[in-house]
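Numbering (my numbering), first residue to last: 404 to 854. Idealized CB from N, CA, C, for every residue including glycine. All of these numbers come straight from a predicted model, not from anything done at the bench.
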Ligand code: FAD
């Protein structure tokens, strides 16, 4: 046992920090975790969880419309934003308590307040100093503020969960998954939605077929997408926020949401003073075992700018504990990290995109299927599902699986197991489908598309 107050001091009780603290304490380490806001971090408070609850809320409008084709007569309906937000807040409060119990039951000391490194074994929170053998930075990320005059009239994704009313008109600036998801949420809840992105198409790192299919489907649902456009400034006119575009064009809205990416949350942590190496964006530079340039100071999760996803932060936290507290050096593989975009329709993806596989030098075969989901034969909804496999011709290995359509995230999770096991296209073909599902299409695509 070290002569320090704790064996591990963790800064940030979000996805990565809570997991690492609990696991280390479970192995007998004396652990403290500092949190300046609410337990659970981004995912629980202003990320995955409240976002998914809003997605669920928004999906009812399409379900009501689609019900008619199945014989239902749906009467008058109305939506109460205030009630949704209050119910969402109650659930998040419950989760905050669950996180507190998880930490307390593991005998982790919770220190409330903002932590700052003093030296490589000392952290200050408020007026108190704590020493620890190992320090883990798990301080997460924060919204990137758009750099144009009048940016203060916009709101961030942190604020959107607490709007007092549902905006009638909303402009969303950004082309990442957060911008796309909120465009779907507000569109389905009945707002007029404009999504503005400076690039030629949103979701830059996704497969091109996914990007174009989703853009078409979102347009059909009524989202007004504008690409290759850079807002110049924002102003306020009465209750409206006006976003100004080149050539004198303007869009007035009740709310402008800036979904323009996220930055590592590492400012004012005392890292520069300790010579902890950071990237240009402020991310902590770490080795494959999550150790920073200063021995004994580790970092996991969004503050390292690797893959900013909750399951990745959890995996990095587990690998850190395995390395430091079990003496078993363990690194995380970033190959085949699956992810979903909870857009409407949704996106699921794992492995290489067609473009990436080609640029990596693979000779690829592409299997692609687009079809009308069975439910829409009766609902009448004009919506197509896309499924796509990217296969390495030489080894027959499936390099990537991509989907746009209902439940894409649920379906791609299983595909991720197959890709992690190195499945070949022949093994996909030998797999029996589940009928009638959309997912069976992934094991029945037989003919490669002509190139
Ligand atoms: P965080 O969860 O951000 O936790 C960091 C914690 O550190 C925070 O609680 C913060 O208050 C605290 N902290 C920071 N500095 C200090 C300090 N100096 N002292 C004390 N405490 C401090 N990921 C998915 O996998 N799926 C999704 O669907 C998804 N949706 C998202 C939607 C939105 C709108 C956003 C913003 C993110 C979403 N994410 C999603 C990303 C996911 O939330 C993050 O990848 C994940 O939370 C990262 O965990 P972390 O432990 O690195 O940091």
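In the assembly as shown, residue 831 is a buried residue. Its beta-carbon has 16 or more other beta-carbons within 10 Å. At least one heavy atom of the ligand FAD lies closer than 6 Å to the C-beta of residue 445.
In terms of Cβ geometry, residue 684 and residue 672 do not form a close pair [threshold 7 Å].
Per DSSP, the beta bridge partners of residue 667 are 544. In this model, residue 823 and residue 803 are separated by some 11 Å (Cα to Cα). Excluding residues up to 5 positions away in sequence, 685 lie with their Cβ nearer than 8 Å to the Cβ of residue 670 in the same chain.
Taking a C-beta distance under 7 Å as the contact criterion, residue 526 and residue 518 qualify as a contact pair.
Taking all protein chains shown into account, residue 791 has 16 or more neighbouring C-beta atoms within 10 Å of its C-beta and is therefore buried. According to DSSP, residue pairing for residue 805 in a beta bridge involves 752, 791. The shortest CA-to-CA distance from residue 424 to any of 524, 503, 567, 651 is the one to 503.
In this chain, the beta strand (DSSP E) harbouring residue 768 covers 767-774. Relative to the ligand FAD, residue 669 has its C-beta separated by 6 Å or more from all heavy atoms. Not one heavy atom of the ligand FAD sits closer than 6 Å to the Cβ of residue 828. Here residue 640 carries a strand assignment [DSSP, helix/strand/coil]. In the structure shown, residue 535 falls within a strand segment according to DSSP collapsed to helix, strand and coil. Counting along the chain, residue 655 sits inside the beta strand (DSSP E) bounded by residues 653-656.
For residue 512, the enclosing beta strand (DSSP E) begins and ends at 512-515.
Per DSSP, the continuous alpha helix (DSSP H) segment holding residue 779 begins and ends at 778-782.
Distance from the Cα of residue 662 is smallest, within the candidate group 631, 582, 724, for 582. Between residue 465 and residue 591 a beta carbon distance of about 6 Å is seen, short of the 8 Å cut, so the two are scored as contacting. Pairing residue 827 with residue 849 gives a Cβ-Cβ distance that is not under 7 Å.
Contact check for residue 585 against residue 487 fails: the beta carbons are separated by 7 Å or more. Apart from the 5 residues on each side of it in sequence, residue 543 sits with its Cβ closer than 7 Å to the Cβ of 415, 417, 444, 445, 668, 704, 705, 706 in its chain, given in chain order. Annotated three-state conformation of residue 706 is helix, per DSSP. For the options 602, 467, 528, the alpha carbon positioned closest to that of residue 475 is the one of 467.
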